[in-house]
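Undergrad: Mapping to the numbering used here: the sequence shown position 31 is 972, numbers consecutive.
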Amino acid sequence: MTPPVSTTTHPAAAPATAPAATTGNAVPPYRLQLSGGYTSLALGGGAPTYSGGVFQTQVGQAFHLDARNSLFLNGVFRLGALSDGAGHDVSLVHFGLEGGYEGWIAPDILSAFVYAGMGTNVLYSQQFGVAPSITRALDNQSMLALTLGGGFSLGRGIFVLSGGFQPNFGLSVPETPDSFGGRGYNPMGWFVMGGLDLARFVDWAGARFPQGTSIGQFVRGITPGIILDTTYTLNLGAPRSGENALRIFDTRADRPMFNYLELSLDRPVDAENPFGFRFDFGVGENSRIARSRSSFSGDWYDLQQVYARLRLPI
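#1: For Gly1157, report the span of its alpha helix (DSSP H) as first-last.
#2: For Ser1083, which residues in the same chain have their Cβ closer than 6 Å to its Cβ, ignoring the five residues on either side in sequence?
#3: Cα-Cα, which of Trp1045, Leu973, Gly986 is closest to Phe1005?
#4: In three-state DSSP terms, what is Leu1051?
#5: DSSP beta-bridge partners for Pro1165?
#6: Expressed to the nearest angstrom, what Euclidean distance is found between the alpha-carbon atoms of Gly1166 and Pro1048?
#7: Who pairs with Phe1093 in a beta bridge, going by DSSP?
#8: Output needed for Trp1241: all residues of its chain with C-beta closer than 8 Å, excluding positions within five of it in sequence on either side, in chain order.
#9: When the Cβ atoms of the segment 1126-1135 are set against those of the segment 977-992, are three or more pairs found closer than 8 Å?
#10: How would you label Tyr1248, buried or exposed, when you count the other beta carbons within 10 angstroms and need 16 or more for buried?
#11: Beta-carbon within less than 7 Å of Ala1146's beta-carbon, same chain only, minus the 5 sequence neighbours each way: which residues are those?
#12: Tell me whether Ala1003 is buried or exposed, calling it buried when 16 or more other Cβ atoms sit within 10 Å of its Cβ.
#13: Compute the Euclidean distance between the alpha carbons of Asp1243 and Ala1053, then round it to the nearest angstrom.
#14: What residue range does the beta strand (DSSP E) around Arg1124 cover?
#15: What residue does the beta strand (DSSP E) around Trp1131 start on, and which one ends it?
#16: Does Asn1081 pass the burial test, meaning 16 or more other C-beta atoms within 10 Å, or should it be called exposed?
#17: Give me the Cα-Cα distance between Thr964 and Ala1008, rounded to the nearest whole angstrom.
#18: In or out: Met1059 buried (at least 16 other Cβ within 10 Å) or exposed?
#19: Under three-state DSSP, which class holds Thr958?
#20: Applying the criterion that 16 or more other CB atoms from any shown protein chain within 10 Å of the CB defines a buried residue, is Tyr1173 buried or exposed?
#21: Since Gly1028 is in the beta strand (DSSP E), which residue starts that stretch and which ends it?
#22: Look up Thr1171 in the DSSP assignment and say whether it is helix, strand or coil.
#23: Short of 6 Å in beta carbon distance, which residues of its chain neighbour Ser1094, apart from the five on each side in sequence? Order them along the chain.
#24: In its own chain, which residues sit with a C-beta less than 6 Å from the C-beta of Val1000, not counting the 5 before and 5 after it?
#25: Can you give me the C-alpha to C-alpha distance between Ala962 and Arg1097, rounded to a whole angstrom?
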């Protein structure tokens, strides 16, 4: 008797599939960096060296070549409050373009970048006669600035450390009382800074918003504020001209004064949202009296405070 033959077939094993390709770091292409640090500018030729704090804003975009490499192009604004060894002040304003390369040593953790740029540096000096004549002569003088630098970023590129050198060309100082004519300088500058990339921070924070919390809900929790102070002083006698130490906020009689306009934005943390911030900024004629002595204040503006809030799950 012939035993029955089994007709059951076994399907062939499915071919092993390769693991899904990783996308590398997920850093967004946009760049919005706010940085602060220290800078120095040496005029050379026996002229003073000015040093002090610096604030920088960069706005740009990265062009990803692959998961680890990218090129970037930034617009740069830099504001410095400098002084020489005797305390004579000079303000520095920089506008320029910078382009460079960024490579990720460890994706989403550590990157290194180098860049070069070109722009314009403008110096302002509001010193009186007690300052050296060259310091006073620097007011409203411009020069061509080349920038060479590099740095590192940490934590998906959110935390940025950078530095660089900035050779300048074409600074012409007008004739001063103690000189026989105008003089040209090619100052050399350098800077070191640390800061945050807000575009990358927002991208990271947005992925960690609690479920059910939207950007609109976050924005609706922002409380704006505004304070306006303006005066009109009528002097029935002979109005005084010029500055008077005993009359601070009404030094210009017989006309309205735009004393101060303060704008504020406040976003506290709450049960639905762990992120917040506070921003207070003022403009007006009182700024030159009430402002703090920092890189973020001037004769017409005063950045009083800006900070971020984060509720930790402790």
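The beta-carbon is built from N, C-alpha and C at its ideal position, and this holds for glycine as well.
Values in this document were obtained by computation on a predicted structure and should not be read as measured data.
TA: Answer, in terms of the structure:
#1: 1156-1161
#2: Thr1061, Val1063
#3: Going by the sequence as given, residue 1005 is His instead of Phe. Measuring from the Cα of His1005, the nearest candidate turns out to be Trp1045.
#4: strand
#5: Leu1206
#6: 41 Å
#7: Ala1053, Leu1102
#8: Val1224, Gly1225, Glu1226, Ser1228, Arg1229
#9: yes
#10: exposed
#11: Phe1216
#12: buried
#13: 34 Å
#14: 1124-1126
#15: 1129-1138
#16: exposed
#17: Because Thr964 sits at a pLDDT of 43, beneath the cut-off of 50, its placement in the model cannot be relied upon, and the point is left open.
#18: exposed
#19: A caution first: Thr958 carries a pLDDT of 46, below 50, which makes its placement in the model unreliable, though a value can still be read off. Three-state DSSP puts Thr958 in coil, outside helix and strand.
#20: exposed
#21: Gly1028 -> no beta strand (DSSP E), and no H or E assigned at all.
#22: strand
#23: Ser1052, Val1101
#24: Leu973, Gly1016
#25: Legend: pLDDT at Ala962 = 41, less than 50; position of this residue unreliable, no value from coordinates given.
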